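Undergrad:
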Amino acid sequence: MKKLLSLVLALVLCLTAASAFAAVASKTVGIVTVIDDVMTNNEVAVPETAADEVAELIEKGPAAFFGLEGIDNLAIDEYDVMDVSTNDVEADDDGKVVAKFHVLFPYEKDQVVTVLLGIVNEDKTIEWHKYEGVADENGDIIATVDKDVLENATRFACGVIE
Numbered sequence: 037m038k039k040l041l042s043l044v045l046a047l048v049l050c051l052t053a054a055s056a057f058a059a060v061a062s063k064t065v066g067i068v069t070v071i072d073d074v075m076t077n078n079e080v081a082v083p084e085t086a087a088d089e090v091a092e093l094i095e096k097g098p099a100a101f102f103g104l105e106g107i108d109n110l111a112i113d114e115y116d117v118m119d120v121s122t123n124d125v126e127a128d129d130d131g132k133v134v135a136k137f138h139v140l141f142p143y144e145k146d147q148v149v150t151v152l153l154g155i156v157n158e159d160k161t162i163e164w165h166k167y168e169g170v171a172d173e174n175g176d177i178i179a180t181v182d183k184d185v186l187e188n189a190t191r192f193a194c195g196v197i198e
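Heads up, the sequence shown is in this note's numbering, so the first residue is 37 and it goes up one at a time.
#1: Okay, do the stretch 176-186 and the stretch 122-129 touch, 3+ Cβ pairs below 8 Å being the bar?
#2: Determine whether the beta carbon atoms of phenylalanine 141 and alanine 179 lie at a separation below 9 Å.
#3: Quick check on lysine 96: buried or exposed, where buried means 16 or more other Cβ atoms within 10 Å of its Cβ?
#4: Going by the DSSP bridge assignment, what does glycine 195 pair with across the sheet?
#5: Which residues does DSSP pair with threonine 180 in a beta bridge?
#6: Please state whether DSSP places valine 117 in a helix, a strand or coil.
#7: Starting from alanine 171, trace the beta strand (DSSP E) in both directions and tell me its first and last residue.
#8: Relative to the C-alpha of isoleucine 107, which residue among Gly175, Ala171, Trp164, Val170 is closest?
#9: From methionine 75 to aspartate 159, what does the alpha carbon distance come to, in whole angstroms?
#10: Assign aspartate 146 to one of two classes, buried (16 or more other C-beta atoms within 10 Å of its C-beta) or exposed (fewer than that).
#11: Inspect the beta-carbon positions of alanine 171 and glutamate 198 and report whether they are closer than 9 Å.
#12: Between Tyr167, Met118, Gly169, which lies nearest to phenylalanine 192 when the distance is taken from Cα to Cα?
#13: Could you check if isoleucine 112 is buried or exposed, using at least 16 other CB atoms within 10 Å of its CB as the buried criterion?
#14: According to the Cβ coordinates, are cysteine 194 and glycine 169 closer than 9 Å?
#15: Would you check if the distance between the CB atom of valine 148 and the CB atom of aspartate 176 is smaller than 9 Å?
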């Protein structure tokens, strides 16, 4: 696993270095890659710490569970626990970073995807933040998010509003 993660990190560093020469808007300051590795025998393995939350999500539905406007008809494709480090990525003037979310079930290129990042509060409630992302050529999601939210988020959900 460490070798695979090292290879992915090396690839990201190479791509980041190569993209420095491309004509990119000055607002794009870096890409944070979030890798979720919960695939087991072609079935999604929900981490134990999120199992109760997934059951609650199914019972309540997305609008009530996430408590956010405009997601009444959000088809959740993934819900996972996440851990990410953004130490090497500088935020732009607005405190935003470009994040790449590797997902188990890739989306079609240019598909608009809703990304939800959750921060668990001291009272065990989850504060959700909604972002819009777009699938790249590999089916992963690229989204501009608040760096402080990404640093503190421990929950990740994504899906398409139908």
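Backbone N, C-alpha and C define an ideal beta-carbon position, used for all residues, glycine too. Predicted model, so just to flag it, every value in this text is computed and none were measured.
TA: According to the structure shown:
#1: Inter-segment contact for the stretch 176-186 and the stretch 122-129 is present: three or more beta-carbon pairs are separated by less than 8 Å.
#2: No, they are not a contact pair.
#3: By the neighbour-count definition (other C-beta atoms within 10 Å, threshold 16), lysine 96 is an exposed residue.
#4: Looking at the DSSP assignment, glycine 195 forms a beta bridge with Ile112, Thr150.
#5: DSSP output for threonine 180 lists Val134 as bridge partner(s).
#6: In the structure shown, valine 117 sits in a strand (DSSP, three-state: E or B).
#7: In this chain, the beta strand (DSSP E) harbouring alanine 171 covers 162-171.
#8: Of Gly175, Ala171, Trp164, Val170, the residue nearest in Cα terms is Trp164.
#9: Caution applies to methionine 75, whose pLDDT of 36 falls short of 50 and renders its modelled position unreliable; the value that the coordinates give is listed next. Each residue's Cα considered, the two are about 30 Å apart.
#10: A residue is called buried when at least 16 other Cβ atoms come within 10 angstroms of its Cβ; aspartate 146 does not meet this threshold and is exposed.
#11: No, the pair does not count as a contact, with Cβ atoms beyond the cut-off.
#12: Put simply, of Tyr167, Met118, Gly169 the residue whose alpha carbon is nearest the alpha carbon of phenylalanine 192 is Met118.
#13: Taking every protein chain shown into account, the CB of isoleucine 112 has 16 or more other CB atoms within 10 angstroms, so this residue is buried.
#14: A contact, by the Cβ cut-off of 9 Å.
#15: No, they are not a contact pair.
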